[in-house]
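Quick notes on the structure that follows.
Protein chains: 2
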Amino acid sequence: MLELAILGLLQESPMHGYELRKELATKLGTIRAAISYGTLYPTLKRLQTAGWIGEAESADSEIIPPLTSKRGRVVYKITAEGKERFAELLAQAGPETYDDAGFGVHFAFFSRTDRATRLRILEGRRRRIEERREGLREVLARASDRLDAYTLELQRHGLDACEREVRWLEELITNERSGKSPATATNLKTGTSPAGETPLEHPGPHQDRPQ
Amino acid sequence: MLELAILGLLQESPMHGYELRKELATKLGTIRAAISYGTLYPTLKRLQTAGWIGEAESADSEIIPPLTSKRGRVVYKITAEGKERFAELLAQAGPETYDDAGFGVHFAFFSRTDRATRLRILEGRRRRIEERREGLREVLARASDRLDAYTLELQRHGLDACEREVRWLEELITNERSGKSPATATNLKTGTSPAGETPLEHPGPHQDRPQ
DNA sequence: GTGGCGATGTATCGGGCCGATACATCGTGC
DNA sequence: GCACGATGTATCGGCCCGATACATCGCCAC
Chain A
1 MLELAILGLL
11 QESPMHGYEL
21 RKELATKLGT
31 IRAAISYGTL
41 YPTLKRLQTA
51 GWIGEAESAD
61 SEIIPPLTSK
71 RGRVVYKITA
81 EGKERFAELL
91 AQAGPETYDD
101 AGFGVHFAFF
111 SRTDRATRLR
121 ILEGRRRRIE
131 ERREGLREVL
141 ARASDRLDAY
151 TLELQRHGLD
161 ACEREVRWLE
171 ELITNERSGK
181 SPATATNLKT
191 GTSPAGETPL
201 EHPGPHQDRP
211 Q
Chain B
1 MLELAILGLL
11 QESPMHGYEL
21 RKELATKLGT
31 IRAAISYGTL
41 YPTLKRLQTA
51 GWIGEAESAD
61 SEIIPPLTSK
71 RGRVVYKITA
81 EGKERFAELL
91 AQAGPETYDD
101 AGFGVHFAFF
111 SRTDRATRLR
121 ILEGRRRRIE
131 ERREGLREVL
141 ARASDRLDAY
151 TLELQRHGLD
161 ACEREVRWLE
171 ELITNERSGK
181 SPATATNLKT
191 GTSPAGETPL
201 EHPGPHQDRP
211 Q
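In structure tokens:
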């Protein structure tokens with residue numbers, strides 16, 4: 001999961017770890033508060049070993065290095081194999097694509113995903129949430145007298161969140177089918193154009209079988 | 001976190017692993033979909049080593065063992081030290097008490113928690129969510145032109161969820177202060193009585209043995 | 001009657017991710 | 001000159017997950 005996110009961010013521009021962590025935090029927002037360094041650095045090492053990313057130590061080619069560069073920050077950049085790996089991860093949608101973290105990361109890179117995959121993921125996520133919702137309704141209907149008031153309140157709040165997310169997903173799916181991008185949310189002034197910076201830069205990029 | 005949940009459930013009645021997992025799933029609902037066995041069994045072993053829980057192998061004292069009991073299910077029961085440990089975990093509220101999983105588990109056992117601790121946890125959680133909310137507003141205000149339409153939609157959805165949870169917490173806090181138990185939700189027909197089975201089994205005295 | 005099959009049940013293993021911790025350097029203020 | 005907070009890299013122990021491998025029970029079909 002983190003692998004996908006790192007590859008995606010490094011595709012935009014090379015970065016060092018600290019910067020990567022901050023970008024990750026703003027890009028993923030709620031989904032994944034802030035990645036731990038205890039996760040980030042080992043993952044970077046793993047990606048480097050696999051050949052997806054490369055090291056470009058202190059690549060200040062524009063201005064004169066403002067620091068003595070004794071043993072400075074390590075700048076990582078994505079390799080050609082890394083780009084392939086990224087595309088592969090983007091296109092595939094397993095069960096882990098539909099849990100909270102996995103879905104969030106995939107969604108954050110939807111502007112680089114083709115429409116068919118977007119729809120597949122949105123529908124998979126919806127199904128997942130609908131199952132969760134049914135489970136909660138089951139519990140509230142069947143076992144409500146066996147649980148205390150606080151537990152019940154927790155279930156109710158969870159059920160509410162599920163119903164809300166399903167509606168959100170429905171709306172996104174409808175938009176996808178009709179060819180509109182999101183950002184046409186009802187309660188936003190939306191000063192930015194709906195097709196912002198990179199709405200669809202890959203017309204039909206997914207390699208393997210279209211399916 | 002799991003430790004608290006297991007101790008709490010075993011306080012209600014002895015159980016074996018499989019049963020524990022199912023109870024955990026219904027009790028925690030959204031918070032923690034279903035605990036993995038790869039987590040559960042090592043945790044049980046850990047709790048047993050620590051002396052918080054004990055083994056009561058195949059304790060079918062009521063009816064004749066319906067199975068040959070070759071090497072049957074292992075029933076776990078909480079020990080006296082385990083009960084103390086549970087009370088200790090219930091009362092303390094660190095930073096990990098306010099993240100999604102931690103808060104959910106604590107909340108699920110609020111009927112065993114004294115009012116002061118409940119308020120402390122609810123307010124800590126509210127603060128945590130408010131910080132998350134402010135972070136999202138910051139991003140939406142400052143970096144909205146730097147992010148694509150999908151990422152923005154993700155942030156907006158996250159912000160919405162934060163605002164909703166803060167309102168929910170406000171309501172719970174108000175109820176706590178005025179001495180009411182929850183379950184008087186506004187948007188529910190609420191066929192069950194608001195003071196269901198165990199709304200407040202501890203009037204004021206916190207931990208130690210309740211019964 | 002036996003053979004498959006899904007539910008019940010216990011257990012391990014590799015690996016991802018986290019929090020805590022330890023460093024080292026830079027810019028700034030005093 | 002030096003303390004201090006921001007920036008920056010890195011490791012360690014530990015929780016938790018998914019995958020996997022078992023073994024048993026009740027039941028139905030053939």
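Protein chains in written order, with the UniProt record's numbering: chain A, 1 to 211; chain B, 1 to 211. Glycine included, each C-beta is placed from N, C-alpha and C at the ideal position.
| Query | Result |
| --- | --- |
| Separation of arginine 137/B from leucine 159/B, as counted between CA atoms | 7 angstroms |
| Neighbour-count burial assignment, alanine 80/B, 16 or more Cβ in a 10 Å radius | exposed |
| Burial state of lysine 22/A, where buried means 16 or more other Cβ atoms lie within 10 Å | exposed |
| Where valine 75/A sits in the DSSP three-state scheme | strand |
| Span of the alpha helix (DSSP H), counted from its first residue to its last, around glutamate 88/A | 80 to 91 |
| Residue-chain proximity (serine 36/A, chain B), Cβ-Cβ < 8 angstroms | no |
| Chain-ordered chain B contacts of phenylalanine 107/A [CB-CB under 7 angstroms] | Tyr150 and Leu154 |
| Three-state secondary structure (DSSP) of glycine 54/A | strand |
| C-beta atoms of alanine 91/B and threonine 151/A nearer than 8 angstroms | no |
| Short CB-CB distance (under 8 angstroms) between leucine 136/B and chain A | yes |
| Segment contact flag, the segment 98 to 106 of chain A with the segment 21 to 38 of chain A, C-beta cutoff 8 angstroms, min 3 pairs | yes |
| Chain B within 8 angstroms of lysine 27/A, Cβ atoms only | yes |
| Backbone CA spacing between glycine 135/B and tyrosine 18/A [nearest angstrom] | 18 angstroms |
| Presumed contact (8 angstroms Cβ cut-off) between histidine 16/A and tryptophan 168/B, rounded CB distance | With 8 angstroms as the limit, histidine 16/A and tryptophan 168/B do not qualify as a contact, their Cβ atoms being about 40 angstroms apart. |
| Proximal residues to proline 182/A (C-beta, below 7 angstroms), its chain only, five neighbours per side dropped | Leu172 and Asn175 |
| Any chain B beta carbon closer than 8 angstroms to threonine 30/A | yes |
| Nearest to alanine 116/A (by Cα), restricted to the options Arg146/A, Ile53/A and Ala93/A | Ala93/A |
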